[in-house]
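For reference, each letter of the sequence shown is one residue, going 1 to 252 in full-length UniProt numbering.
For glycine and all other residues, C-beta sits at the position ideal for the given N, C-alpha and C.
What follows is a set of notes on a single structure, which appears directly below.
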Amino acid sequence: MSQTTTAYLPPSVTAGTGVRLLCFPHAGGSASAFGTWQQQLGPDVTVLPVQLPGRERRVREPRFTSVHELAADLDRSLDPLLEGGPYALYGHSMGAIIAYHLTQLRAARGASLPQRLMVGAYPPPHLLAPVTNALNLSDDGLAQWLVDLGGMSEVLLRYPEWVQSALALLRDDLRICHSHRAAGDPLPCPVDVFAGDRDPLLPLDAVRGWARHSTVACRVHTVPGGHFFQQDSPEVFFPAVAGLLTRELSRR
């Protein structure tokens, strides 16, 4: 497996030798959101959680607020890795629009593309993302919104200093989502869309709109649960992802 040194990825990979899966987190999230994924997906997949600036081990680095600038930096930093062999991308919520823009940049310059672009809990890029409406909420309202969505435990509201730090990160990440303005050309790679059947931010009718953004194929996978369906129904979600990636491995 080809590897490269970049702040976006962990210093070493201790997992499988199969298809490399780069994972992009939700707004307010970090690489640790994918901490159990390697165990869940098994040795035929190498999970590479992407650590964005301004959180966890990169907490002292300035955060991006533009998806275009972030995608360009990701493309530069990850290019040696992505050119080193087959890979797939998964982005959850905010991570979906980041992964989409990264794939757009690579398609535009003729670079190697993901064998699959997998997106979760996010509307197709020609539609406005309801998640950006949360930018207008007060701090108290935003914290409660995050709790109601399943992105934060209500217990954490007892720690106001931690909450303030988390909300500052969340607001900048929501600005990343808000900075997306227009969809690009349809992508010449398969797109797989995962959606919770009870996600208050993503009506299932809207999910089907992703079909116009691939010239190859687009499949919608409905998972029981809300915005964080991977936590609600791991027994459904992870076998579906593993099956898609294992299928790619068998084609090589």
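Rounded to the nearest angstrom, the gap between the Cα atoms of H213 and L169 is 29 Å. Beta-bridge partners assigned by DSSP to M94: none are found. At a Cβ-Cβ threshold of 8 Å, L41 and Y90 do not count as neighbours. According to the DSSP assignment, D139 belongs to the alpha helix (DSSP H) that extends over 139-149.
Distance between D79 and L70, taken at the CA atoms: about 14 Å. Between the stretch 112-132 and the stretch 156-169 there are fewer than three inter-stretch CB-CB distances shorter than 8 Å, so the stretches are not counted as touching. According to the DSSP secondary-structure assignment, H221 is paired through a beta bridge with F194. Rounded to whole angstroms, the separation of the alpha carbons of H227 and L201 is 7 Å. For D148 against L167, the beta-carbon gap comes to about 15 Å, at or over 8 Å, which does not count as contact.
The beta-carbon distance between V155 and Y87, rounded to whole angstroms, is 37 Å. This is too long to meet the 8 Å contact definition. Annotation: Q164 to R247 spans about 43 Å, alpha carbon to alpha carbon. Per the coordinates, the alpha-carbon of S179 lies some 12 Å from the alpha-carbon of P125. Listed in chain order, the non-local C-beta contacts of L74 below 6 Å within the same chain comprise L102, local neighbours out to five positions each way being set aside. If you draw a 10 Å sphere on the C-beta of G29, you find 16 or more other C-beta atoms in it, and that means buried.
Closest option to S93, judged by alpha-carbon separation, among G84, M152, A72, A121: A121. Going by C-alpha positions, R76 is about 26 Å away from W210. Going by DSSP, R171 is part of the alpha helix (DSSP H) stretching over 160-179. In this chain, R76 is not harboured by any beta strand (DSSP E); it is covered by the alpha helix (DSSP H) spanning 67-82.
Per DSSP, reduced to three states, the secondary structure at V119 is strand. DSSP, read as helix, strand or coil, puts T246 in helix. The beta carbon of W37 sits closer than 7 Å to those of C23, V47, all from its chain and outside the five residues before and after it, given in chain order. Residue range 45-49 is occupied by the beta strand (DSSP E) that includes V45.
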